[in-house]
Amino acid sequence: MIGALPLPAPLDTADVQRALLACVAVGAFAPTIGAFLVQKRLSLIGDGVGHVAFAGVGLGLLVNIWPVWTALVFAVGGAVGLELLRAKRRVAGDLALALFFYAGIALGVVFAAKAGDLDLETLPYLFGDPLRMSTGGLVAVLVVGAIVAVGIWSLRRVLFAVVSDEGWARVEGLPVDTLGVGLAALTAAVIVSGMKVVGLLLMAALMVLPVASAQLLARSFRQTVWLAALIGLSSAFVGVVVGQVFHLSISGSIVLVAAAVFTVVSLARRSLPAVVKGAAA
Amino acid sequence: MAERAIATGTSLLSAKGISAGYGREPVIEDVSLEIRPGEFVALVGPNGSGKSTLLHVLLGSMEPAAGTVRLFGEAPDRFHARWRLGFVPQRPTLESEVPATVREIVSSGRLRQRGWWRRQSETDRTAIDHAISSVGLAEVADRPLNELSVGQQQRAFIARAFASEPDLLVLDEPIAGVDRASQRRFRESLVHLQREHGAGVLLVSHELSAVSDVIDRVIVLKRRVLFDGSPAELASSGVSLGIHQDDLPLWLEGLR
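From first to last, the protein sequence lines stand for chains A and B. In this text, residue positions in the first sequence follow this note's numbering: the first is 1, and each later residue adds one. In this text, residue positions in the second sequence follow this note's numbering: the first is 1001, and each later residue adds one.
Below is the structure:
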């Protein structure tokens, strides 16, 4: 284990520094992938995948396998299966999705209760517990972050083309289904990597809220992605500091900061439309 | 222009005896057509006449119940040089609120040609700039699409199809609800593509007035092909279609 860096309080201990690094990394890469999901009009997919991943957590607890692995299998299977059904238009509307996701969380509850762990053991998976992040967990988060960053950067143009206009992209012969499955799998990996950081239920918020703020300020898709990553990263940093100073939940604080940023940005934009447009012209 | 088209070589797109539908009842029946290089063809027909179904079949996104389609001489599922086909979908809009600039949209049109995994080259950038200029959007190239008029947005999507310098351009109702200035620009850019690059154009539209003088052939579809010939022939055959010649523009208008 690496010793603590000489940072000022409340960031002066090794566990807080590991939490800070994990939160800042998740804060940056979750909205990076989120921008493409919002553009694809799948803002809530992260929420749904989180529910399905919980079934994996429950199974892991029941059969005594590290729940991160089982959550990953369920999340990737759920996200990819859903993408394939969506692409073939076999899923009609929100109701089918709701059935899929709620069945996931119900299964998680059943598994976890059967394992006798439906209490304190499951809470960190649902709502995160970054202060108990191990060095191995931190490395896993950083590896997933690096994969997301490299994957999104190298595929950014074709991903943008496909998520912006799927029907046109199919006629053009772009690999719509392959990229859809890849994006779904990456989304699932991001959700699971952030599971012990901000929790399955709050990861989706971190994927979408910074994008919602960024799209109000940015002037291009490229700017939106960078700005969303910057807002996510900053929200995570502020959230960790606020959480530590005021003894609040870190994951809750991060998402509340991201929500506050969105509220401020949208209010400022609404009250100053002329200024924003004038500056843009 | 019709003579030029007839004089040119192999067809860009051909369909023979196409029947297709969604249930037992066919939406289109025994449809045959051909588009040759440099030819400007308008496909018209009333709502529910099967235009969209025919387009799906021609572009390879729907299997016909009968008949064959050839894109550049290949079956649609074996046609891999997709960049040779430029497509402008019906009322394309970005549904999402995420801003995207004209240049970002148009750049997408170049992906298939250069290989989507490759970096953008200087040639790509020149082609993208050229496509943007040819639809008159150079001054707003770096502005978000959602700040532009409907007509300008539509032209951005046309430029996306131009970016691959296609040999065949297929447009589905591209000027519905577009202002006059944009319609004029639209006409100029199509003529430019057709004359400069010798591309063939298949335009599915109700509003032919903006391009009436550049159309080589009109195909009238109502489940079957009712007519396939030059606009002049259509005018003279108005009577045989059960419409008086003087009423022809109105009749075409009435196809809405």
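Note that CB positions come from ideal geometry on N, CA and C, so glycine has one too. What you are looking at is a predicted structure, and each value in this text was computed from that prediction instead of being measured.
Would you kindly check if the distance between the Cβ of residue j and the Cβ of residue i is under 8 Å?
| i | j | result |
| --- | --- | --- |
| A/Q244 | A/P6 | no |
| B/R1223 | B/S1049 | yes |
| B/A1066 | B/F1072 | no |
| A/V49 | A/T187 | yes |
| B/F1157 | B/V1204 | no |
| A/V52 | B/W1116 | no |
| B/R1110 | B/L1137 | no |
| A/F29 | A/G145 | yes |
| A/R269 | A/L209 | no |
| B/S1061 | B/R1036 | no |
| B/G1086 | B/F1162 | yes |
| B/R1262 | A/L174 | An answer regarding residue 1262 of chain B cannot be provided, because it is not within the stretch 1001 to 1256 covered by chain B. |
Just to make sure I have the definition right: I need the residues of chain B whose C-beta is within less than 9 Å of the C-beta of residue i. Which are they?
| i | result |
| --- | --- |
| A/F246 | Correct list: empty, because the minimum Cβ distance to chain B is about 34 Å. |
| A/A146 | Within 9 Å Cβ-Cβ: nothing; A/A146 doesn't reach chain B, min ~20 Å. |
| A/T224 | V1098, P1099 and A1100 |
Can you grab the Cα-Cα spacing for the pair residue i / residue j, in whole Å?
| i | j | result |
| --- | --- | --- |
| A/M203 | A/A19 | 15 Å |
| A/G128 | B/V1135 | 51 Å |
| B/S1107 | B/R1143 | 14 Å |
| A/V171 | A/V257 | 42 Å |
| B/A1075 | B/L1059 | 10 Å |
| A/L201 | A/V68 | 15 Å |
| B/I1105 | B/R1160 | 6 Å |
| B/A1047 | B/L1202 | The identity of residue 1047 of chain B in the sequence shown is Asn, whereas the question assumes Ala. Roughly 18 Å separates the two Cα atoms. |
| A/V141 | A/A189 | 10 Å |
| A/Y102 | A/S251 | 23 Å |
| A/K40 | A/I33 | 11 Å |
| B/A1100 | A/A4 | 43 Å |
| B/I1018 | B/P1064 | 6 Å |
| B/R1114 | B/K1051 | 31 Å |
| A/E121 | A/G180 | 34 Å |
| A/A106 | A/A98 | 12 Å |
| B/R1232 | B/Q1194 | Checking the displayed sequence, the identity of residue 1232 of chain B turns out to be Ala instead of Arg. Each residue's Cα considered, the two are about 20 Å apart. |
| A/V143 | A/V26 | 11 Å |
| B/G1023 | B/A1042 | 27 Å |
| A/G77 | A/L85 | 12 Å |
Which same chain residues, not among the five before or five after residue i, have their C-beta less than 7 Å away from its C-beta?
| i | result |
| --- | --- |
| B/Q1183 | I1175 and A1210 |
| B/V1220 | V1044, G1045, L1226 and F1227 |
| A/G108 | F54, A55, V57 and G58 |
| A/V261 | S213, I231 and S235 |
| B/R1084 | F1072, P1166, D1167 and L1168 |
| A/E166 | V176 |
| B/D1172 | L1055, V1088, P1089, Q1090 and V1204 |
| A/V38 | V208 and V211 |
Which chain A residues sit within Cβ distance under 8 Å of residue i?
| i | result |
| --- | --- |
| B/F1087 | W168, V171 and E172 |
| B/T951 | Outside the modelled stretch of chain B, which goes from 1001 to 1256, sits residue 951 of chain B, for which no answer is possible. |
| B/E1173 | Chain A residues near B/E1173: none, gap ~14 Å exceeds 8 Å. |
| B/E976 | Because chain B in this structure spans residues 1001 to 1256, residue 976 of chain B falls outside the shown range and cannot be described. |
Going by C-alpha distance, which of the options is nearest residue i?
| i | options | result |
| --- | --- | --- |
| A/W226 | A/S266, A/T263, A/P31 and A/L138 | A/P31 |
| A/R222 | A/L233, A/V240 and A/R156 | A/R156 |
| B/G1229 | B/I1018, B/E1034, B/L1012 and B/H1197 | B/E1034 |
| B/D1179 | B/S1189, B/L1171, B/A1199 and B/Q1152 | B/Q1152 |
| A/E83 | A/D117, A/L72, A/L99 and A/I45 | A/I45 |
| B/V1150 | B/A1127, B/E1188 and B/A1181 | B/A1181 |
| A/N64 | A/A25, A/G116 and A/L85 | A/G116 |
| A/I191 | A/V238, A/Y125 and A/L61 | A/Y125 |
| A/V238 | A/I254, A/A185 and A/L61 | A/I254 |
| B/S1164 | B/D1030, B/A1199, B/L1145 and B/R1024 | B/A1199 |
| A/A14 | A/G182, A/V110, A/L216 and A/M133 | A/M133 |
| A/V163 | A/V150, A/V148, A/A149 and A/A184 | A/A184 |
| A/G151 | A/V139, A/G173, A/G182 and A/T135 | A/G182 |
| B/V1214 | B/T1126, B/V1191 and B/L1148 | B/V1191 |
Report all residues from its chain with a CB closer than 6 Å to the CB of residue i; omit the five preceding and five following residues, and keep chain order.
| i | result |
| --- | --- |
| B/T1053 | A1020, V1027 and I1028 |
| B/A1328 | With chain B running from 1001 to 1256 in the structure shown, residue 1328 of chain B is simply not present. |
| B/W1098 | The identity of residue 1098 of chain B in the sequence shown is Val, whereas the question assumes Trp. So the list is empty, once near-sequence residues are dropped. |
| A/P130 | A19, A22, C23, V197 and I250 |
| A/G104 | H51, V52 and A55 |
| A/L62 | F111, K114 and A115 |
Please list the partners that residue i has in chain A, where partner means a Cβ-to-Cβ separation under 7 Å.
| i | result |
| --- | --- |
| B/L1260 | With chain B represented from 1001 up to 1256, any question about residue 1260 of chain B goes unanswered, as that position is not in the structure. |
| B/L1058 | By Cβ distance, chain A contributes nothing, its closest Cβ being about 10 Å from B/L1058, past 7 Å. |
| B/E1097 | Q215 |
| B/P1144 | R219 and S220 |
Which residues in chain B sit within 7 Å of residue i, going by Cβ to Cβ distance?
| i | result |
| --- | --- |
| A/V158 | L1111 and W1116 |
Starting from the C-beta of residue i, find all residues in its chain whose C-beta is less than 8 Å away, skip the five residues before and the five after it, and write them out in chain order.
| i | result |
| --- | --- |
| B/R1256 | Only weak support is given to the placement of B/R1256: the predicted model assigns it a pLDDT of 46, under 50, and the question is left unresolved by the model. |
| A/Q17 | A4, L5, L7 and L11 |
| A/L267 | none |
Hey, would you say the C-beta of residue i is under 7 Å away from at least one heavy atom of the ligand FMN?
| i | result |
| --- | --- |
| A/V265 | The ligand content of the structure shown is nil, which means the ligand FMN is not present either. |
Which residues in chain A sit within 9 Å of residue i, going by Cβ to Cβ distance?
| i | result |
| --- | --- |
| B/H1080 | G173 |
Output yes if chain C places a C-beta closer than 8 Å to the C-beta of residue i; else output no.
| i | result |
| --- | --- |
| A/A35 | Looking for chain C here will not work: the only protein chains present are A and B. |
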